[in-house]
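Written below as structure tokens is the structure these notes are about.
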Ligand code: FAD
């Protein structure tokens, strides 16, 4: 019991929780990591929930700081741009960076989680309790109640950190005790995973790109896997005449994909089976306030600020949270009652900024990437980046290939847009004046 009272309890051995356990153990804390699931290293992946992630600079930076980047990257596949698949015609490649060599990295969420879990388990001072689902939390004493296969058990801790994802039970407990407010804005879109297996032992599509099928009201993406398959994620409204609910039969599914995603069926022999049996996941944005209570109970990662996945930043942002919390502890000499409020002050605006950018990127991905105007804008943007290196940097570049705080990225992009608007207006005015002069000359001549 004494050991427990000294422990930092991390609830949720997902991506943020495992990385956090590593960081805290390196600071010398005894850590108890509680996870509702059985040990994922011995289990199987739930159907349609494999989810591969795009890991970019923010996530990599967090891993690099504790020497885990090389191990994790050994299983990653770099994607240097988007491959846009139109309904008719050949796919077109759009590079993510002006140099063309910067990449985001496709990695299996399960493999990443297991690598982090393994790293945490090896550290002295970390104990992991699987099959422990948090169902109760006393905010005054930090006493936790867990449901386990052996029945209910209680545990104490010096500090409790909720890294238990978008549907956080820790957040739920604080809400129940009237200690925070939350809003959960569900998107009317859900997602379903489909698979493109290897073709003749090789990747069926270019493995160096993130594939996108933008279709206005729906969208599909595909990321490569080390086994040479692709995991596709189809985003579509959950209800309505054109929605997941609208395809009731095998024939309807086949017709839909033949019409809207005609290059997919020949590559995905299990398409109908995947579609009929894989679940539809929900998507939403979670906001809550405060993120901590009494400097003793805190939230981070999706538990504090889940976002929609369209910028590929949820896990990256959760990893950045861990780095920032570690920094706050250093700056506050490990005084948790100062570090947790400081952490919230530093991260909340940034979480809000990426939440908004992720929502806006959904429109860009499903509607705009295929349009000639968008492609021209990207070319102009890359030309500006080349002409003004370091002074004009695109939003995508700053979000994915830097650790510039998200809120700062938004402010800078707004300023860049204003300057661009003024330049464009100047060019337009000069052009109009030129036309007027030419017209005048024409009339006289
Ligand atoms: P989770 O990873 O959800 O981990 C929470 C953990 O807590 C789990 O292990 C869970 O079992 C456990 N838990 C839950 N409740 C309890 C309880 N009561 N008691 C004990 N344990 C509990 N992010 C990116 O960076 N790039 C991407 O490309 C990307 N793509 C995505 C695509 C999709 C379709 C989705 C849905 C998300 C995507 N994300 C992406 C977001 C990313 O998956 C999340 O942001 C990330 O997993 C958050 O990490 P977390 O540790 O906070 O939460």
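In our numbering, the protein residues as written are 238 to 682.
No residue lacks a Cβ here, since even glycine has one placed at the ideal position from N, Cα and C.
All values derive from a computational prediction rather than experimental measurement.
- In the structure shown, the three-state DSSP call for residue 378 is coil.
- Listed in chain order, the non-local C-beta contacts of residue 246 below 6 Å within the same chain comprise 269, 394, 397, local neighbours out to five positions each way being set aside.
- Proximity of the beta carbon of residue 383 to the ligand FAD is indicated: a heavy atom of the ligand is located closer than 8 Å.
- Bridge pairing for residue 269: 246, 364 [DSSP].
- Per DSSP, reduced to three states, the secondary structure at residue 501 is coil, with no helix or strand assignment.
- Burial of residue 432 is indicated by the presence of at least 16 other C-beta atoms within 10 angstroms of its C-beta.
- Excluding its 5 nearest sequence neighbours in each direction, residue 353 has C-beta neighbours in its own chain below 6 Å: 255, 256, listed in chain order.
- Note: residue 341 is bridge-paired with 316 in the DSSP secondary-structure output.
- In the DSSP assignment, residue 306 falls within the unbroken alpha helix (DSSP H) covering 306–310.
- Contact between residue 534 and residue 407 holds: their C-beta atoms lie close to 7 Å from each other, under 8 Å.
- Of the other Cβ atoms in all chains shown, 16 or more fall within 10 Å of the Cβ of residue 562; this residue is therefore buried.
- Where residue 585 is concerned, the enclosing alpha helix (DSSP H) starts and stops at 573–600.
- Just measuring C-alpha positions, the residue of 507, 592, 276 sitting nearest residue 644 is 592.
- The C-beta distance from residue 639 to residue 244 rounds to 36 Å, too long to meet the 8 Å contact threshold.
- Shown here, residue 550 sits in coil according to DSSP, grouped into three states, outside any helix or strand.
- DSSP, read as helix, strand or coil, puts residue 432 in strand.
- In its chain, beyond the 5 residues on either side, 369, 382, 383 have a beta carbon closer than 8 Å to the beta carbon of residue 390.
- Looking at the DSSP output, residue 515 bridges to nothing.
- Excluding residues up to 5 positions away in sequence, 245, 268 lie with their Cβ nearer than 7 Å to the Cβ of residue 261 in the same chain.
- Here residue 512 is not near residue 472, since their CB atoms are 9 Å or more apart.
- In the three-state DSSP reduction, residue 255 falls in the helix class (H, G or I).
- In this structure the stretch 303–314 lies against the stretch 341–352, because at least three pairs of beta carbons, one per stretch, are closer than 8 Å.
- Setting aside the 5 residues that flank it on each side, residue 530 is surrounded in the same chain by 376, 411, 416, 417, each with a C-beta closer than 8 Å to its C-beta; the list follows chain order.
- Measuring C-alpha to C-alpha distances from residue 598 to each of 622, 647, 574 identifies 647 as the nearest.
- In the DSSP assignment, residue 292 falls within the unbroken beta strand (DSSP E) covering 289–292.
- Residue 451 is a Cβ neighbour of residue 607, given a cutoff of 9 Å.
- Sequence-distant Cβ neighbours of residue 509 in its own chain, meaning closer than 7 Å and more than five residues away, are 487, 490, 491.
- With fewer than 16 neighbouring CB atoms inside 10 Å of its own CB, residue 526 falls in the exposed class.
- Comparing C-alpha distances from residue 263 to each of 363, 419, 386 shows the shortest one belongs to 363.
- For residue 569, the three-state secondary structure derived from DSSP is coil.
- Under DSSP, residue 392 takes part in a beta bridge, and its partners are 381.
- Under the DSSP assignment, residue 609 falls in the alpha helix (DSSP H) whose first and last residues are 609–624.
- Taking the Cα positions, residue 299 is about 44 Å away from residue 478.
- With respect to residue 447, residue 318 sits close: the two C-beta atoms are nearer than 9 Å.
- A distance criterion of 8 Å places the beta-carbon of residue 271 in contact range of the ligand FAD, judged by its closest non-hydrogen atom.
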